[in-house]
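Asks: Just so we're aligned: the sequence shown equals residues 1 to 105 in UniProt numbering.
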Amino acid sequence: MSIPTDDDRSLLTVVATMRAKPGKERELQEVLEALIPPTRAEADCTTYALHQGSQDPAVFIFIEHWTDQAALDAHLGTPHLQAALPKIPELLDGDLVITTLNRIA
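Written out as structure tokens, the structure is:
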């Protein structure tokens, strides 16, 4: 088994966690899935994988790997993300939580 940081520990890992409002799961999933192709096409994106809670299908988590903080910052300014961001809060139960991580082991 291998993950991108096995080969490159300098990659920045990002975990973006959110919960859909009741009845908004499908709509949130569609907004998030639309982000995948253009984000994966970004030069400094190594991983951009969307997950849904197996026990709680209202939970959505992106697991991402970027070459560095500058790459993540550039992603946050892309047209496709900027177009999606205004749609997301109305679909969420609570806040979008973004955690950046550096692999240590």
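Just so it is clear, CB atoms sit at the ideal spot from N, CA and C, and this is done for glycine as well.
What alpha helix (DSSP H) runs, 4 residues minimum, are completely inside the UniProt domain "ABM" (12 to 101)?
Replies: 25 to 40, 69 to 76, 79 to 84
Asks: From which residue to which residue does the alpha helix (DSSP H) around D6 run?
Replies: In the sequence shown, residue 6 corresponds to position 6, counting from 1. First-last of the alpha helix (DSSP H) with D6: 4 to 7.
Asks: Spatial neighbours of R103 within its chain, please: C-beta separation below 6 Å, excluding the five flanking residues on both sides.
Replies: Residue mapping note: residue 103 aligns to position 103 of the sequence shown, counting from 1. If we look at R103 and ignore the five residues flanking it on each side, its Cβ neighbours are T5, R9.
Asks: Thinking V14 and L91 are a contact (beta carbons under 8 Å), I'd like their distance in whole angstroms, please.
Replies: To locate residue 14, count along the sequence shown from 1; it is residue 14. To locate residue 91, count along the sequence shown from 1; it is residue 91. Their Cβ separation, rounded to whole angstroms, is 20 Å, which puts V14 and L91 out of contact at 8 Å.
Asks: Taking 6 Å as the limit between beta carbons, can you name the residues of its chain near V97, skipping five residues before and five after?
Replies: Position 97 of the sequence shown holds residue 97. In the same chain as V97, and ignoring 5 residues on each side of it, the C-beta atoms closer than 6 Å to its own belong to T17, in chain order.
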